[in-house]
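Asks: Residue numbers (the numbering used here): 2 to 193.
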Ligand code: G4P
């Protein structure tokens, strides 16, 4: 998606050869016009997949997921990272380990909102090693849902997330695929 690539080139900052800072439009401040366009693009890509729910992982996935859900005219569900005292019955959980942040957490979904009648689209901001996306897939499948695919804003194509998801048999669509990061370097790829 050229608009997202242009924004990354204009405002993204390669903090190292592996980390891209996009706090000014995705992770801290959010650009709502860009998020609207991102939602339209995901909805267009997945329009024939019979999606009934959009799933995302808190927190940075929420903005693009809600615009995608609006464009598809379906509900959006937030997979929770914090264990809630209120959300304790009728839940599914799976452990996620973040290699980027060196943390792990229990990702949680209430069975009240996803069932075997659903076909879900999973949206997230970054794809690195695919831990979060694979966890979201495990939860949706445990609830009995079909998986239409995984939609990612920024894929780090030099990490193995895409390969893991594809090897597990799922479709991945990334709007921007970063092939190289470094001092004053942000490069994109279209190649598989
Ligand atoms: P993975 O799920 O693909 O394996 O990714 P990983 O565990 O490595 O990433 C964990 C967190 O770090 C995620 O955010 C992810 O969005 C973020 N992340 C990974 N690589 C980058 C990067 O290059 N730049 C930025 N800005 N973030 C990155 P999270 O903990 O879920 O945070 P949030 O959604 O609450 O913002």
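Backbone N, C-alpha and C fix where the C-beta goes; we use that ideal spot for every residue, glycine too.
1) Mind pulling the alpha helix (DSSP H) runs of 4 or more residues that sit fully within the region 63-141?
2) Return the CA-CA distance between residue 98 and residue 132, expressed in angstroms with no decimal places.
3) With DSSP collapsed to three states, give me the class of residue 17.
4) Would you tell me roughly how many angstroms separate the C-alpha atoms of residue 183 and residue 150, rounded to the nearest one?
5) For residue 156, which residues does DSSP report across the bridge?
6) What are the partner residues of residue 55, as DSSP defines its beta bridges?
7) Which residue or residues does DSSP assign as beta-bridge partners of residue 189?
8) In the DSSP assignment, find the unbroken alpha helix (DSSP H) run with residue 1 in it and report its ends.
Replies: Quick look at the numbers:
1) 63-73
2) 7 Å
3) coil
4) 30 Å
5) 128, 178
6) 77, 122
7) 179
8) With the chain covering only 2 through 193, there is no way to say anything about residue 1.
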